[in-house]
Amino acid sequence: MKKIGILGTGDVGNRIATRLVALGYEVKMGSRTANNEKAVEWAKQNGEKASTGTFTDVADFGDIIFNCTKGEITLSVFEQAGLEKFSGKIIVDITMPLDLAKGFPFSLLPQYSNTTSLSEEIQKLMPDAKVTKSLNIVNNELMANGEKAPANATMLLAGNDAGAKEEVKTILTQFGWKDILDLGGIQAARGMESFSSMWAYVYQATQNANFTITINR
Ligand SMILES: NC(=O)c1ccc[n+]([C@@H]2O[C@H](COP(=O)([O-])OP(=O)(O)OC[C@H]3O[C@@H](n4cnc5c(N)ncnc54)[C@H](OP(=O)(O)O)[C@@H]3O)[C@@H](O)[C@H]2O)c1
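Below, the structure is given as structure tokens:
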């Protein structure tokens with residue numbers, strides 16, 4: 000079974016890491032420091048397949064890396080970890096490049112939007128990494144628990160490497176997603192990231208964070 004690295008100790012990293020351990024994967028959660036309180040607590044609760052370390056430790060450990068870091072600092076996280084360590088590895092990028100200073104409803108950081116996306120910038124930074132985008136279109140409670148979503152809910156996926164996308168699809172299926180729509184190359188992350196704006200207005204209107212989309216086709 001492939002080993003999984005999780006960059007990020009927030010709600011997203013925690014949910015993804017917890018489900019992956021439950022599925023039987025060995026998982027390392029990483030942060031700026033080796034003994035991050037949230038990561039250590041997560042490892043304590045998740046048994047012998049769960050471990051913690053720095054971003055660099057995660058890059059060394061994982062065959063597949065889930066990027067669950069704050070969008071505005073994501074590129075610096077890869078730099079801190081060591082760009083060369085991601086060569087040939089699958090990166091599942093879950094970020095939204097939000098301009099948090101602008102508050103809610105969300106705005107995107109201009110340097111990562113419209114004519115580019117954060118996923119594309121990650122791919123440019125590490126041309127030998129296999130960057131895929133998925134899971135960012137739903138709230139963290141649903142990401143790794145697709146069975147809690149309606150059966151016809153659609154999960155989107157994008158990336159340049161067909162083999163990487165097949166591997167990510169397998170994990171999405173293990174997460175409970177049944178309808179997975181491949182949007183094509185990593186440029187499609189532009190659409191998936193700008194969905195954060197639609198997400199915010201739907202949430203504002205419904206006060207329900209756990210909604211999904213269905214692409215009828
Ligand atoms: N929350 C959701 O439901 C949801 C839904 C869709 C997409 N997303 C996206 O998923 C990503 C993760 O979200 P989240 O709420 O779980 O976590 P977050 O608070 O956005 O990010 C947490 C991680 O960012 C790292 N970080 C923060 N500032 C840093 C800095 N200056 N330098 C290096 N690392 C730094 C933290 O490192 P330390 O561990 O060292 O503190 C931590 O591991 C975000 O891009 C978010 O937009 C979230």
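At position 92 of the sequence shown (counting the first as 1) the number is 91 in numbering that gives the first Met the number 0, and the numbers step up by one without a gap.
Just so you know, even glycine gets a beta-carbon here, dropped at the ideal spot from N, CA and C.
- A Cβ-Cβ contact shorter than 9 Å links I90 with T131.
- Contact between S50 and K84 does not hold, since the beta-carbon distance rounds to 17 Å and is not under 8 Å.
- By the beta-carbon neighbour count (other beta carbons within 10 angstroms, threshold 16), D127 is exposed.
- The segment 141-155 and the segment 199-216 touch, with no fewer than 3 CB-CB distances between them shorter than 8 Å.
- Contact between N45 and V11 does not hold, since the beta-carbon distance rounds to 16 Å and is not under 8 Å.
- Under the three-state reduction of DSSP, I121 is assigned to helix.
- A distance below 9 Å separates the beta carbons of A58 and G81.
- Straight-line spacing of the CA atoms in D98 and T115 works out to 15 Å.
- Under the three-state reduction of DSSP, D56 is assigned to helix.
- With respect to the C-alpha of T55, the residue from S112, M0, M142 and S75 having the closest C-alpha is S75.
- Relative to the Cα of E119, the nearest Cα in the group P96, R18 and K1 belongs to P96.
- The three-state reading of DSSP puts L108 in coil, since its state is none of H, G, I, E or B.
- Where F65 is concerned, the enclosing beta strand (DSSP E) starts and stops at I63 to N66.
- Here DSSP, grouped into helix, strand and coil, assigns I136 to coil.
- Contact between K123 and A163 is ruled out by a C-beta separation of about 16 Å, above the 8 Å threshold.
- In this structure N113 does not touch T94 by the C-beta definition: roughly 16 Å separates them, more than the 8 Å allowed.
- Beta-bridge partners of K88 (DSSP): none assigned.
- For M197, the enclosing alpha helix (DSSP H) covers residues A188 to T205.
- DSSP places G29 within a strand segment (E or B) once states are collapsed to three.
- When T211, G190 and F194 are compared, the shortest CA-CA separation from E146 is found for T211.
- Residues K2 and K48 of the same chain have their beta carbon placed closer than 6 Å to that of E25, with the five preceding and five following residues left out of the count.
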